[in-house]
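What follows is a single structure, written as structure tokens, with notes after it.
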Amino acid sequence: MKTFGSLAVLLLCGAVACREKPIDQGALITARTVGLEHLQRGRLAEAEQEFRNVIALAPRDPLGYANLGLTYLRAGRYAEAESELERARRLDPKNPDIALIAVELYSLTGRPAEARRVLAGVQPDARVLYALAELDRQNGDSAYADRLRQVLARIPANLAVRLKLADALLKFGQADSTIRYLEEARRLRPQPPREIRPYLEMALQALRAGRGRLTDARTALDRFLRLMEVTAPYQAALAEVDGIEGPLAGRPVLTFSPQSLITMRGITSASASGPMHFTDVTGESGLPDLGAAVTALAWGDYDGDGENNLLVAAPEPRLYAVHGGFVADVSAKTPLPLPAGAVVASFVDYDNDGWLDLFAIGTDGRGYLLHNREGKRFDDVTDAARLRDVDGARRPIFVDLDHDGDLDLLLVGGGSLATYRNNLDGTFTLFPNADGIVQGGTDAAFADVDDDGRTDVFVTGATGSDGLFHNDGVRGFTRTADTIRGTGPVAMGDYDNDGAIDIFLAGTGGGLWHNSGTGRFTHAARLPTAEAGNAAFLDYDNDGWLDLIVTGPLGASLFHNDGTGRFADRSQLLPPALQHDSIGPLLVADIADRGGARERQE
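Residue 63 is where the sequence shown starts when you use this note's numbering, and the numbers rise one by one after that.
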């Protein structure tokens, strides 16, 4: 009866050409986000329920099944995990994230042949090659070392893979090759901790002494590797290639990957969203209308209550709690030691303690690093961190440039483009491995543009300092031969959903630059933007395509991405004042928590 009932429904749909019910995208995003949060915190029953809600809302989205399968995998419910992962793979057989979860399942259940079969059907990127290497390692033959060499050919700066290869070569008695890879690992930055370097030197000395000392080399290298494996740089490098992190399951499938956006486009009715427009709700939200006086905006949950907070500096900074689109001034509860106000500010967890700290540049041109004491107060630790003198910089960018698990600092503007390495002991020092980025610059943005696992940096400037700087992880940053030049604001994002990060440059000579996927760019379109101060990609209509907003002294311009590579001017959707008035800082955020990206400016 069940089969005939299903068949009847299918025939009826075909006869009347019935349409799929439009998806409640807000509910879908909420269910997926909450599910991932539960999964990461080990609340498996709650994660299971949320991912079932995802599947009910979007039955053709493979990531719902994949995340549910991952939840079952963590719970040891292997049969149920396999069923869900098979559904995900039928919907998207070439997705490497889904394949790697399936490989972990097959490895845990003793089926290496099936794991290899799954990997054979996806693009052999570094993670897939590393998974194949792990399967070869179980056989104990030289194929393991050969496969690790293939991984290194893709990501030559990966410390973990390089040390694993050295370990394997020593087991095969290849002393000369082991020395080569250990020497190369020793030149990578950051260096191993001072306490364990003697073991590396002992291993190298024994290897150079000849075959009679291989046992001594083995002992010293084993000690070095065991100690190195628990360091942040090693763990960060391993995470780059290990498709499934953690003892059982590892990382969830990315919520907002190009594939998930493509899937949502295919199952969402374009007409369901209705007409779009932006409304100025400053007054009714409880936020004072400060107009052109605002100098800085920052957004983040600094007090850990699960809801974001807003910092507005005019230039005196004020803190606001945000709930459902309404704000309340909480400055008296958490005073900020910023005697010179702020011309720019950013919430960032610089010390990895789980609490968002605050970095600001005051009206006096000096830096201020404020340490968050568990959401109760902010302490000025600038002098201890050695970040007081910012040499005229006007924009701080926090990004993990050396992939050691903490956020480094790139200062842009004024007479400086300085890069500081985070030592994770409360101090920052000038970054010797980033000295390829020349001084100067007016704006900068970062992304992995060539898919090598390293963060690259694009700099704009008027003194010949602009360009794309490639991060190879060994020599530092080198300027590429690309001819992209510009002096205005820069934004980076995958506007055509092909998996490669593209570039937008505002101002004279600007426009869209398309990334081939290898870090090579071609000019794709020129957009009519006047003098600009800020630019940002955002999906304001939730259709899965990144749109663009550009702001400056002459107002704001909004461009809609139609999904074919063309952008249409939709500035009329903005309030009239935003279209023509001078606009200072720009912040893109979902202030009302309704699942959409909304723009807020002063």
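C-beta: ideal position from N, C-alpha, C; glycine also.
Three CB pairs or more closer than 8 Å across the stretch 118-128 and the stretch 101-109:
no
What span of residues does the alpha helix (DSSP H) with S239 cover, start to end?
Mapped onto the sequence shown, residue 239 falls at position 177. Start and end: 237-249.
Quick one: is L227 buried, meaning 16 or more other Cβ sit within 10 Å of its Cβ, or exposed?
Within the sequence shown, numbered from 1, the residue matching residue 227 stands at position 165. L227 should be labelled buried.
Nearest to Y296 (by Cα), restricted to the options A247, L472, A215, L283:
The count along the sequence shown starts at 1 and reaches residue 296 at position 234. Closest option to Y296, Cα to Cα, is A247.
Are there three or more Cβ pairs, one per stretch, closer than 8 Å when the stretch 460-480 is compared with the stretch 434-446?
no
Please work out which residues of its chain come closer than 7 Å, Cβ to Cβ, to L266, disregarding the five sequence neighbours upstream and downstream, and give them in chain order.
For the purposes of this step, residue 266 is taken as residue 204 along the sequence shown, with counting starting at 1. Correct list, in chain order: I241, L244.
Could you please give the first and the last residue of the uninterrupted beta strand (DSSP E) stretch that includes I423?
As a position in the sequence shown, residue 423 is number 361, starting the count at 1. That run of the beta strand (DSSP E) goes 419-423.
For the ligand COA, I want to know if L349 counts as a neighbour, meaning its beta carbon is within less than 7 Å of at least one of the ligand's heavy atoms.
With respect to small molecules bound, the structure shown includes none, and the ligand COA cannot be examined in it.
By alpha-carbon positions, which one of N604, H385, A376, S239 ends up nearest to D367?
By 1-based counting over the sequence shown, the position of residue 367 is 305. Out of N604, H385, A376, S239, H385 has the C-alpha closest to the C-alpha of D367.
N- and C-terminal bounds of the alpha helix (DSSP H) containing I91:
Locating residue 91 in the sequence shown gives position 29, counting from the first residue. Taken as a continuous stretch (DSSP letters only), the alpha helix (DSSP H) holding I91 covers 87-102.
Neighbourhood of A282 by C-beta, 7 Å cutoff - its chain only, sequence neighbours within 5 removed:
Residue 282 sits at position 220 when you count from the first residue of the sequence shown. Answer for A282: Y261, M264, A265, A268, listed in chain order.
To the nearest angstrom, how far is the alpha carbon of G646 from that of W575?
One-based indexing of the sequence shown puts residue 646 at position 584. One-based indexing of the sequence shown puts residue 575 at position 513. Computed Cα separation, rounded: 25 Å.
Taking C-alpha atoms, which residue in E144, R149, A207, L153 lies nearest to A177?
For the purposes of this step, residue 177 is taken as residue 115 along the sequence shown, with counting starting at 1. Between A177 and the set E144, R149, A207, L153, the nearest pair of CA atoms involves E144.
DSSP beta-bridge partners of S408
As a position in the sequence shown, residue 408 is number 346, starting the count at 1. DSSP links S408 through a beta bridge to F421.
Three CB pairs or more closer than 8 Å across the stretch 395-407 and the stretch 346-355:
No, the stretch 395-407 does not touch the stretch 346-355.
Determine the burial state of A639: buried for a count of at least 16 other Cβ atoms within 10 Å of its Cβ, exposed for fewer.
Within the sequence shown, the letter at position 577 stands for residue 639. Burial call: exposed.
Alpha carbon to alpha carbon, what distance is there between N577 and D558?
Counting from 1 along the sequence shown, the entry for residue 558 is found at position 496. Counting from 1 along the sequence shown, the entry for residue 577 is found at position 515. Near 10 Å, if we compare the C-alpha coordinates of N577 and D558.
Helix, strand or coil: how does DSSP classify V190 here?
Here residue 190 is taken as the residue at index 128 of the sequence shown, counted from 1. For V190, the three-state secondary structure derived from DSSP is helix.
My assumption, with CB atoms under 8 Å, is that L194 sits in contact with L214. Please give the rounded CB distance.
Along the sequence shown, read from residue 1 onward, the residue named residue 194 stands at position 132. Along the sequence shown, read from residue 1 onward, the residue named residue 214 stands at position 152. Not really, about 14 Å apart at Cβ, beyond 8 Å.
Boundaries of the beta strand (DSSP E) in which I611 is found, first to last residue:
Mapped onto the sequence shown, residue 611 falls at position 549. That run of the beta strand (DSSP E) goes 609-614.
Sequence-distant residues of the same chain with beta carbon closer than 7 Å to A271, five excluded per side
Position 209 of the sequence shown, counted from the start, is the residue given in the question as residue 271. Result list for A271: empty, nothing under 7 Å.
How many Å lie between E146 and A568 at the Cα?
Here the question's residue 146 lines up with position 84 in the sequence shown. Here the question's residue 568 lines up with position 506 in the sequence shown. Using only the alpha carbons, I get a separation of about 45 Å.
Which class does P458 belong to by DSSP, given the choice of helix, strand or coil?
As a working mapping, residue 458 is identified with position 396 in the sequence shown. Residue state, collapsed to three classes: strand.
List the whole-angstrom C-beta distance separating A150 from A128, where the pair is believed to meet the contact cut-off of C-beta under 8 Å.
Stepping through the sequence shown from its first residue, residue 150 is reached at position 88. Stepping through the sequence shown from its first residue, residue 128 is reached at position 66. Indeed, because the Cβ distance is near 4 Å, the residues count as touching under 8 Å.
Output the distance between the C-alpha atoms of R541 and D518, rounded to the nearest integer angstrom.
Mapped onto the sequence shown, residue 541 falls at position 479. Mapped onto the sequence shown, residue 518 falls at position 456. Going from the Cα of R541 to the Cα of D518 covers about 10 Å.
Only counting the same chain, and skipping five residues up and downstream in sequence, which positions put a Cβ closer than 6 Å to that of R275?
To locate residue 275, count along the sequence shown from 1; it is residue 213. Answer for R275: A268, listed in chain order.
Assumed close pair D609, L600 - CB separation to whole angstroms, cut-off 8 Å
If you number the sequence shown from 1, residue 609 lands on position 547. If you number the sequence shown from 1, residue 600 lands on position 538. About 6 Å; that satisfies the 8 Å criterion.
Is DSSP giving G629 helix, strand or coil here?
Within the sequence shown, the letter at position 567 stands for residue 629. Sequence check: residue 629 is Phe here, not Gly. Reduced to three states, the DSSP call for F629 is strand.
Sorted by chain position, which residues of the same chain lie with C-beta nearer than 7 Å to F286's C-beta, five sequence neighbours on each side aside?
Stepping through the sequence shown from its first residue, residue 286 is reached at position 224. Contacts found: I258, Y261, L262, A265.
Counting along the chain, where does the alpha helix (DSSP H) carrying D229 start and finish?
As a first step, residue 229 is located in the sequence shown; it is residue number 167 there, counting from the start. Its alpha helix (DSSP H) spans residues 221-233.
With 16 other Cβ atoms within 10 Å as the buried cut-off, status of G308:
For this step, residue 308 is matched to residue 246 along the sequence shown. For G308, the predicted model reports a pLDDT of 36, less than 50, meaning its position is unreliable; a value from the coordinates is still stated below. So G308 counts as exposed.
Tell me, to the nearest whole angstrom, how far the beta carbon of A553 is from that of A507; I am working on the premise that it is less than 8 Å.
Taking the sequence shown and counting its residues from 1, the one referred to as residue 553 is at position 491. Taking the sequence shown and counting its residues from 1, the one referred to as residue 507 is at position 445. Right, their Cβ atoms sit about 6 Å apart.
Buried or exposed, going by whether 16 or more other CB atoms sit within 10 Å of the CB of N201?
Residue 201 sits at position 139 when you count from the first residue of the sequence shown. It is exposed - the Cβ of N201 has fewer than 16 other Cβ atoms within 10 Å.
Does DSSP classify R547 as helix, strand or coil?
Translated into the one-based positions of the sequence shown, residue 547 becomes position 485. DSSP places R547 in coil when its eight states are reduced to three.
On the premise that D510 lies in contact with I546, defined as a C-beta separation below 8 Å, what is that separation, rounded to the nearest angstrom?
Walking along the sequence shown from the start, residue 546 turns up at place 484. Walking along the sequence shown from the start, residue 510 turns up at place 448. That belief does not hold up - the Cβ atoms of I546 and D510 are roughly 17 Å apart, past 8 Å.
Do the CB positions of N623 and W607 come within less than 8 Å of each other?
Position 561 of the sequence shown, counted from the start, is the residue given in the question as residue 623. Position 545 of the sequence shown, counted from the start, is the residue given in the question as residue 607. Contact flag set, yes.
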